[in-house]
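Residue numbers (this note's numbering), protein chains in the order written: chain A, 1 to 280; chain C, 1001 to 1248.
Below is one structure; the comments refer to it alone.
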């Protein structure tokens, strides 16, 4: 048996003694948060350090999209849906959609892209999904000023509905994490899912009230549209400028669906975790 | 006798033989207690042992007999299908050490990132940063993107970071095969220092001299079974006898 150095030994020695402070002593929750934050920071740093425009990319993307839809639906076609000013109506749902879409699309590669890192560290595996939700969420928050600027330019009146914004962000975090936890492990086994999910996302873009509102749908469809959790979510975001968009029935369903997805996601993730680790 | 720092009880893990094997949803959600299915094999089975604090253990066996898998189980980067793996203290894994490094970030950012992911706080890293860079001998390249380093430098910086983690358990999996002779000797000295500091060591190697140098106890794995758990010299004798290798 090797003898341990005395605890009082001076620690100028290159190797510190066994009894010294060790990283493990932090609580699991603090470690989780720490790792999550490090990886999110890394994501953002890599993205912004390798491109010249950096931060502006997270604004430019929704801006160009909004510009296209604004042109098509107000200049080319006679618009009968949504509210005025349409660009604000559009952006209020398009920006959160970018968060959702980006996070889920990235989740399809959550394990495959980080395989080396996952094989060498044992941080809780849900981090690989949650960090994507977080970094896309931060980009979303960074793009909110775009919405504010357009609201100011077009004079959209701000209502008390703006206080629902944090609630909307919370619901979206739950929903996105839930679907991410569901999708990420399944893609490892069924690579085809990666492309399938891209298709589903494109479909979902038009199936969700982004360029229109739920109330613009035919009466028969409105009830079913509520089961798309994004319907209630976007109506919450829009409540900041268009309180008439708020329908608590739809929001309620959206909350339920989000929690359901989170439960399902956690279940699938837990059941497939050991198979995923062997596969990557 | 104090409580063991590592305890494996009847541990088994199986893998699929062919990567392209058919997977279906039923398979994926089936309980892990299910019997082995065709096309799968047990990489390790019925492995039980305990490790006391401060022990230095060499893992011996031919290629593909489960040595690396055993280390991964102890690290916690794969999970057992049977039995329990109980590790009470933190682990510094020298397995795929360059895995956490990001090509586009500088060496400095990478050191903070990797050490952070292994659980060090910013302050702890600050205080050891110079040590790490000194050890890796790449002081001139601190702000160079990681991808521009030579492969030897990459391994050096990675080893420097992981070996500074101050974790009580150290796992080494043949990583030192790369790197020049002088650096390898430096790494070995570092491992010896860590051992002297009371660390627990798990060492996988095919090099008998290295095994004898560090380890006191040996585990001999063959065909997924733990064949022998004895002092290292006994284990090596048995291994050599089994596979007809003349003692060096």
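Glycine included, C-beta positions come from ideal geometry on N, C-alpha and C.
Mapping DSSP to helix, strand and coil, what is residue i?
i: residue 91 of chain A; result: helix
i: residue 1085 of chain C; result: strand
i: residue 1006 of chain C; result: strand
i: residue 1118 of chain C; result: coil
i: residue 1236 of chain C; result: helix
i: residue 102 of chain A; result: helix
i: residue 24 of chain A; result: Bear in mind that a pLDDT of 48 at residue 24 of chain A, under 50, signals an unreliable position, so the number given afterwards is only what the model happens to contain. Correct three-state label for residue 24 of chain A: helix.
i: residue 1165 of chain C; result: coil
i: residue 157 of chain A; result: coil
i: residue 1096 of chain C; result: coil
i: residue 1075 of chain C; result: helix
i: residue 10 of chain A; result: With a pLDDT of 37 at residue 10 of chain A, under the threshold of 50, the predicted position of this residue should be treated as unreliable, and no value is reported.
i: residue 250 of chain A; result: helix
i: residue 143 of chain A; result: helix
i: residue 1200 of chain C; result: strand
i: residue 269 of chain A; result: helix
i: residue 120 of chain A; result: helix
i: residue 1106 of chain C; result: strand
i: residue 1016 of chain C; result: strand
i: residue 1241 of chain C; result: helix
i: residue 1171 of chain C; result: strand
i: residue 243 of chain A; result: helix
i: residue 162 of chain A; result: helix
i: residue 1091 of chain C; result: strand
i: residue 218 of chain A; result: coil
i: residue 96 of chain A; result: helix
i: residue 1066 of chain C; result: coil
i: residue 125 of chain A; result: coil
i: residue 260 of chain A; result: helix
i: residue 1080 of chain C; result: coil
i: residue 274 of chain A; result: helix
i: residue 1124 of chain C; result: helix
With a cut-off of 8 Å on the beta carbons, I'd call residue i and residue j a contact; round off their distance for me.
i: residue 1057 of chain C; j: residue 1217 of chain C; result: 5 Å
i: residue 1098 of chain C; j: residue 1158 of chain C; result: 5 Å
i: residue 1070 of chain C; j: residue 1105 of chain C; result: Rounded, the Cβ-Cβ distance is 32 Å, inconsistent with contact.
i: residue 1165 of chain C; j: residue 1230 of chain C; result: 30 Å between Cβ atoms; not a contact.
i: residue 1146 of chain C; j: residue 1103 of chain C; result: 6 Å
i: residue 111 of chain A; j: residue 97 of chain A; result: Going by Cβ atoms, the distance from residue 111 of chain A to residue 97 of chain A rounds to 24 Å, so no, they are not a contact pair.
i: residue 1195 of chain C; j: residue 1214 of chain C; result: 7 Å
i: residue 213 of chain A; j: residue 82 of chain A; result: 6 Å
In the DSSP assignment, find the unbroken alpha helix (DSSP H) run with residue i in it and report its ends.
i: residue 185 of chain A; result: 165-189
i: residue 34 of chain A; result: 28-49
i: residue 1056 of chain C; result: Run containing residue 1056 of chain C: none in the alpha helix (DSSP H); it sits in the beta strand (DSSP E), 1056-1060.
i: residue 1138 of chain C; result: It is not in any alpha helix (DSSP H) - residue 1138 of chain C carries neither H nor E in the DSSP assignment.
i: residue 280 of chain A; result: That residue, residue 280 of chain A, is in no alpha helix (DSSP H); it is neither H nor E in DSSP.
i: residue 79 of chain A; result: No alpha helix (DSSP H) holds residue 79 of chain A; DSSP gives it neither H nor E.
i: residue 231 of chain A; result: 229-238
i: residue 192 of chain A; result: 192-207
i: residue 1214 of chain C; result: 1208-1214
i: residue 213 of chain A; result: Unbroken run through residue 213 of chain A: none, as it is neither H nor E.
i: residue 1101 of chain C; result: Unbroken run through residue 1101 of chain C: none, as it is neither H nor E.
i: residue 112 of chain A; result: 110-113
Sort the options by Cα distance to residue i and report the nearest one.
i: residue 134 of chain A; options: A/173, A/56, A/147, A/125; result: A/173
i: residue 29 of chain A; options: C/1154, C/1075, C/1119; result: C/1119
i: residue 32 of chain A; options: C/1048, C/1191, C/1121, C/1010; result: C/1121
i: residue 39 of chain A; options: A/236, A/192, A/130, A/185; result: A/130
i: residue 1154 of chain C; options: C/1133, C/1168, C/1167; result: C/1133
i: residue 285 of chain A; options: A/223, A/266, A/270, A/239; result: Lying before the first or after the last residue shown, residue 285 of chain A is absent from chain A, which here runs from 1 to 280.
i: residue 1008 of chain C; options: C/1079, C/1064, C/1062; result: C/1079
i: residue 1042 of chain C; options: C/1241, C/1180, C/1067, C/1016; result: C/1016
i: residue 1039 of chain C; options: C/1014, C/1100, C/1062, C/1047; result: C/1014
i: residue 183 of chain A; options: A/115, A/151, A/237, A/126; result: A/126
i: residue 277 of chain A; options: A/253, A/187, A/264; result: A/187
i: residue 1048 of chain C; options: C/1059, C/1068, C/1171, C/1085; result: C/1085
i: residue 1207 of chain C; options: C/1198, C/1173, C/1200; result: C/1173
i: residue 195 of chain A; options: A/47, A/109, A/143, A/263; result: A/109
i: residue 1130 of chain C; options: C/1108, C/1053, C/1185, C/1144; result: C/1108
i: residue 1053 of chain C; options: C/1212, C/1219, C/1202, C/1068; result: C/1202
Mind checking which residues open and close the beta strand (DSSP E) that includes residue i?
i: residue 1217 of chain C; result: 1217-1222
i: residue 68 of chain A; result: Careful: residue 68 of chain A lies outside any beta strand (DSSP E), inside the alpha helix (DSSP H) at 56-70.
i: residue 1231 of chain C; result: 1225-1231
Can you pull the DSSP bridge partners for residue i?
i: residue 1047 of chain C; result: C/1011
i: residue 1040 of chain C; result: C/1016
i: residue 1249 of chain C; result: Because chain C spans 1001 through 1248 in this model, residue 1249 of chain C falls outside it and cannot be assessed.
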